[in-house]
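Enquirer:
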Amino acid sequence: MDKLKPPHELKIAGGNLADRWERFLERFRWYLAAVGEDGSEDKKKVAILLTVAGAEAQEVFRTFTYEPAKAAVGNQPAVQAEKTAEQFNTVVRKFTEFCVPRKNVIYERYVFHTRVQGEGETIDSHSHVNLGRCKIA
12 MDKLKPPHEL KIAGGNLADR WERFLERFRW YLAAVGEDGS EDKKKVAILL
62 TVAGAEAQEV FRTFTYEPAK AAVGNQPAVQ AEKTAEQFNT VVRKFTEFCV
112 PRKNVIYERY VFHTRVQGEG ETIDSHSHVN LGRCKIA
C-alpha cells in the first residue's frame, strides 16, 4: 500500500458533498483493487476507508448509530439487527445516507412546475434546471 498514493481525503464541509462522496468512493474502490485489498475482510476495508477518508469523515463515522433487532409486534414483522460498524457495506451505506440528501419530491415538483422561462432564455441556460437528470416520479 505504501507505493500507491491513496485518494485525497473526503472534505465534508462546503460545496456538493453528494458529488464529492460519490467521486471519493469510486476512487477509493479503485485504490482498494489496485493495492489488492478489495477482497480483504470487512474490518480491514473499513479501517482503510476511515484512514484514507481523513479526520472529518472519522468524526462523521463516530456519529453513526446502528439499529438493534426488533421482535415482531402485531402485524409488524421482525427486523434483523443492522450490521455493525465493522461491515464495509454498512459503513458505505451510512456515509451515503449522510452525504446524499433525500429529495423532497413534492417540493421538487413545485419547483419544476413553477419555473418560468425568461424571454430569450434557452432551456439549458441555468445549471439548476437540468431536465436530463430530473427524477420526478
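When you line the sequence shown up against the numbering used here, it's residues 12 to 148, in that order.
We put the CB at the ideal spot given by N, CA and C, even for glycine.
If you're wondering where the values come from, they're calculated on a predicted model, not measured in any experiment.
1) In three-state DSSP terms, what is Q87?
2) Would you kindly check if the distance between the Cβ of A92 and the Cβ of A80 is under 8 angstroms?
3) Just how far apart, CA to CA, sit A29 and V102?
4) Determine the extent of the alpha helix (DSSP H) in which E37 is found, giving its start and end residues.
5) Secondary structure at K81, three-state DSSP: helix, strand or coil?
6) May I have the straight-line CA-CA distance separating S51 from V90, to the nearest angstrom?
7) Return helix, strand or coil for E48, following the three-state DSSP convention.
8) With distance defined between alpha-carbon atoms, name the residue in P18, E33, K14 nearest to P112.
9) Along the chain, where does the alpha helix (DSSP H) containing I23 start, and where does it finish?
10) Is the beta carbon of D49 closer than 8 angstroms to that of E97?
11) Can you tell me which of N115, C110, A45 puts its alpha carbon nearest to the alpha carbon of A153?
12) Write down the C-beta distance between A64 and E20 rounded to the nearest angstrom, noting that I regard them as a contact closer than 8 angstroms.
Expert: Put simply:
1) strand
2) yes
3) 16 angstroms
4) 28-45
5) strand
6) 28 angstroms
7) coil
8) E33
9) Taken as a continuous stretch (DSSP letters only), I23 belongs to no alpha helix (DSSP H), as it is neither H nor E.
10) no
11) No statement about residue 153 is possible, as the shown extent of the chain runs from 12 to 148 and does not include it.
12) 6 angstroms
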